[in-house]
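Undergrad:
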Amino acid sequence: MKCDTGYLCDVCGQDVAAIIDSDLYLRYILGEVSPLELPRMRERHIRCNPATAQYIVDPAFEPMPCDGIFAKANLDADYVRQQETLVTRAWQRLQQVPTLGVAIPEYALPEVLERWRTEMR
Ligand SMILES: [Zn+2]
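Mapping of the sequence shown onto my numbering: position 88 corresponds to residue 518, and the numbering continues sequentially without gaps.
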């Protein structure tokens, strides 16, 4: 029997095998999860969190529809555009993480790193 180390998706229960599919690390890059919270948060697949995944606009990412009150169609167009730019940048950075050779604290977007530095002062 395979011993899983606890990186199972909170939504579908399957293994989150690759960091590039991790919603937790995507939100870490976005600054929504702080470095202190990271080890304590539950793992999730990007595609298992449509509320965030709907904002990823990239030819390499099959568009993820989101229903309900958080659906893009129900939100302010300017806000949606901002989120698409931001989340897509974060997703593209996440795809590069395995080849960047940077340490986990450096994963986050530059403006997020800057904010954390200011807050920790
Ligand atoms: Zn999942």
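For every residue, glycine included, the Cβ atom is placed at its ideal position computed from N, Cα and C.
Just so it is clear, the structure is predicted and the values come from calculations on it, not from any experiment.
Pull up the CB-CB distance for Leu-438 and Glu-473, whole angstroms please, since I reckon it's below 8 Å.
TA: So it is a contact: roughly 7 Å between Cβ atoms.
Undergrad: Who does Asp-445 pair with in a DSSP beta bridge?
TA: Note: Asp-445 sits in a beta bridge opposite Leu-438.
Undergrad: What three-state label does DSSP hand Asp-488 in the structure shown?
TA: In the structure shown, Asp-488 sits in a strand (DSSP, three-state: E or B).
Undergrad: Under 7 Å from any heavy atom of ligand 1, does the C-beta of Val-527 make it?
TA: Flag unset: Cβ of Val-527 not near ligand 1.
Undergrad: Would you say the beta carbon of Arg-551 comes nearer than 7 Å to a heavy atom of ligand 1?
TA: Checking the Cβ of Arg-551 against ligand 1 gives no.
Undergrad: Name the DSSP beta bridge partners of Ser-395, please?
TA: Any answer about residue 395 is impossible in this case: the structure gives the chain only from 431 up to 551.
Undergrad: Does DSSP put Ala-503 in a helix, in a strand, or in coil?
TA: Looking at Ala-503 - three-state DSSP - the assignment turns out to be helix.
Undergrad: Compute the distance between the beta-carbons of Ile-486 and Asp-453, then report whether it is under 8 Å.
TA: Cβ atoms of Ile-486 and Asp-453: not closer than 8 Å.
Undergrad: Taking buried to mean at least 16 other C-beta atoms within 10 Å of its own C-beta, is Thr-548 buried or exposed?
TA: It counts as exposed.
Undergrad: Please determine whether the Cβ atom of Cys-496 lies at a distance below 7 Å from any heavy atom of ligand 2.
TA: In terms of ligand content, the structure shown lacks ligand 2 and carries ligand 1 instead.
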